[in-house]
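When you line the sequence shown up against this note's numbering, it's residues 3 to 269, in that order.
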Amino acid sequence: MVYTGNLHTHSTFSDGKHSPREIIEAAIGLGFDVIGLSDHSYTDFDSSYCLPPVRYEEYKNEVRALQTEYADRIKVMLGIELDYFSNPQDKEGFDYFISGVHYVKANGVYHPIDLSAAATQKCVDEGFGGNKVAFAKAYYDSVVDSLKEKPLFLAHFDLITKHGVPDQTDPHYINVAKQALDAVLEADIPVEVNTGAMARGATDWPYPAEFLMRHIAEKNGRVTLGSDCHDCTKLDYAFDVALSALRRNGVRSIWNYNGTQFVEQEI
Ligand SMILES: [Zn+2]
Ligand SMILES: [Zn+2]
Numbered sequence: 003m004v005y006t007g008n009l010h011t012h013s014t015f016s017d018g019k020h021s022p023r024e025i026i027e028a029a030i031g032l033g034f035d036v037i038g039l040s041d042h043s044y045t046d047f048d049s050s051y052c053l054p055p056v057r058y059e060e061y062k063n064e065v066r067a068l069q070t071e072y073a074d075r076i077k078v079m080l081g082i083e084l085d086y087f088s089n090p091q092d093k094e095g096f097d098y099f100i101s102g103v104h105y106v107k108a109n110g111v112y113h114p115i116d117l118s119a120a121a122t123q124k125c126v127d128e129g130f131g132g133n134k135v136a137f138a139k140a141y142y143d144s145v146v147d148s149l150k151e152k153p154l155f156l157a158h159f160d161l162i163t164k165h166g167v168p169d170q171t172d173p174h175y176i177n178v179a180k181q182a183l184d185a186v187l188e189a190d191i192p193v194e195v196n197t198g199a200m201a202r203g204a205t206d207w208p209y210p211a212e213f214l215m216r217h218i219a220e221k222n223g224r225v226t227l228g229s230d231c232h233d234c235t236k237l238d239y240a241f242d243v244a245l246s247a248l249r250r251n252g253v254r255s256i257w258n259y260n261g262t263q264f265v266e267q268e269i
């Protein structure tokens, strides 16, 4: 097995279906060495999916207790997925955090970019006068800026493609995405190959797009694997598909975090 864990999971503390304990038990069932909880940090303009501030301590205490209880069976890590527009201090007191950009801010309005094609198109129209490349540039600028917090890895690099709004064959879009990817690779922050949208039936491909996987291979960049799990029965969903896509595009290894450091594993 080339993957030994998953550090991108969501429990009932944010928008996941299962409790931290159920996720840990599922990870043990798969023979994982490490499992990380990474519920969504709080965004004050949209509280529909994230961890409310009053529950941070409860979340930390519960996962810490499970960490101790399961110590002889699996390494449990307490993490958080820090949204770009959350308070950066929300990452304090966790074993790790990952960065995710889920909104594009335009004219003072936060537009969700993974909700629906209509919501994404509304952002393009109202925020960028219909210019999809300018929309993509704004998104990728946030992605690059999120790295200043130094996350363990970057979640779903090209999430804006989820509903098919940017034209991924447009050379201008390709250029914008590759430039942002270069900045991530230069910072040497692993790029997550993310099967979350596949698990929810929204796409039949993982993030990032294959032309970006090729770019990573050419630049000898690092990737890690995450399922962005919101349902513990899909903890390793489509990891085989993601690995095939990586191999097909010239990526020779993935980097698994073992709880202390990233370990390179040939694929
Ligand atoms: Zn996310
Ligand atoms: Zn996530």
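All C-beta atoms in this analysis are idealised placements derived from N, C-alpha and C, irrespective of residue type, glycine included.
| Item | Value |
| --- | --- |
| Cβ of residue 58 within 8 Å of any chain B Cβ | Considering every chain present, this structure includes no chain B. It has just one protein chain. |
| DSSP-derived helix/strand/coil call for residue 275 | Here the chain comprises residues numbered 3 to 269, so residue 275 is not present and cannot be evaluated. |
| Any non-hydrogen atom of ligand 1 within 7 Å of residue 17 CB | no |
| Residue 177, DSSP secondary structure in three states | helix |
| Whole-angstrom distance between residue 55 and residue 92, CA atom to CA atom | 9 Å |
| Reduced DSSP secondary structure (H/G/I, E/B, other) of residue 79 | strand |
| Close beta carbons around residue 101, own chain, < 6 Å, minus the five adjacent residues each side | 84, 148, 153 and 156 |
| Residue 107: first and last residue of the uninterrupted alpha helix (DSSP H) it sits in | That residue, residue 107, is in no alpha helix (DSSP H); its beta strand (DSSP E) goes 105 to 108. |
| At least 3 beta-carbon pairs within less than 8 Å: the segment 103 to 120 vs the segment 72 to 81 | no |
| Segment contact flag, the segment 181 to 191 with the segment 120 to 135, C-beta cutoff 8 Å, min 3 pairs | no |
| Inter-residue Cα distance where the pair is residue 265 and residue 167 | 36 Å |
| CA nearest to the CA of residue 140, picked from 106, 250 and 23 | 106 |
| Between the CA atoms of residue 197 and residue 12 - distance to the nearest angstrom | 14 Å |
| Where residue 229 falls, given that 16 or more other Cβ within 10 Å makes a residue buried | buried |
| Between the CA atoms of residue 212 and residue 89 - distance to the nearest angstrom | 32 Å |
| Proximity winner among 24, 50 and 36, relative to residue 117 (alpha-carbon distances) | 50 |
| Which residues DSSP lists as bridging residue 257, in chain order | 266 |
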